[in-house]
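Its first residue numbered 4, the sequence shown is counted upward by one per residue in the numbering used here.
Glycine is no exception: its CB is placed at the ideal position from the N, C-alpha and C atoms.
In this text the structure is predicted, and so the values were computed from the model without any measurement.
Below you'll find the structure, written out as structure tokens, and then a few comments.
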Amino acid sequence: MDAEIGHEELDWKMTFSSVGKCRQVGICESGIDDAVQKLVARGYKVGRVEQLETSEEAKAKGANSLSDLNNGSVEYGFAFVDCAALKLWVGSIDDDASCSDLGALLLQVSPKEVINERRRLSKEAQKALKRYSLNGGVLKLL
4 MDAEIGHEEL DWKMTFSSVG KCRQVGICES GIDDAVQKLV ARGYKVGRVE QLETSEEAKA
64 KGANSLSDLN NGSVEYGFAF VDCAALKLWV GSIDDDASCS DLGALLLQVS PKEVINERRR
124 LSKEAQKALK RYSLNGGVLK LL
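Below you can see the structure in the form of structure tokens.
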């Protein structure tokens with residue numbers, strides 16, 4: 004959707020990535036302020052996310068997964084988005100097999116939608132997701 008808006012509104016060239024067949028558009032960083040002003044003037048809300056690592060750094064890390072075993076603990080990666088406030092939080096927590104820290108995090112955040120990989124979570128983590136995060140929300144399994 005964002006790529007289509009950039010293509011239609013700002014005449015940016017659209018490309019298709021081989022991974023997931025995603026549509027992509029982009030400009031150099033020096034042109035971002037002008038693009039933001041044009042989009043806002045046309046009624047769009049604009050958020051900006053900074054890339055903190057290079058592609059070489061990401062490749063050196065290797066593929067990250069939702070959970071990795073680490074000395075008997077499990078590490079959960081998360082991202083929370085507050086669209087109304089234009090805020091994004093990204094982080095990770097270490098937890099034990101009972102998933103008590105994951106449950107506490109979900110209680111604090113009260114997400115309206117949770118997206119996770121069906122086969123990558125333990126039964127306890129799946130129970131925690133259902134128990135602590137779905138007060139009228141949606142659970143999407145990939």
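Residue pairing by DSSP puts GLY80 in a beta bridge opposite SER95. Rounded to the nearest angstrom, the gap between the Cα atoms of SER101 and ASP85 is 28 Å.
SER103 counts as exposed, since fewer than 16 other beta carbons sit within 10 angstroms of its beta carbon. Secondary structure note for GLU56: it is in no alpha helix (DSSP H), with a DSSP letter that is neither H nor E. One thing to note: ALA44 has its Cβ no nearer than 9 Å to the Cβ of GLY9.
For the 9 Å CB-CB criterion, GLU12 and TYR47 form a contact.
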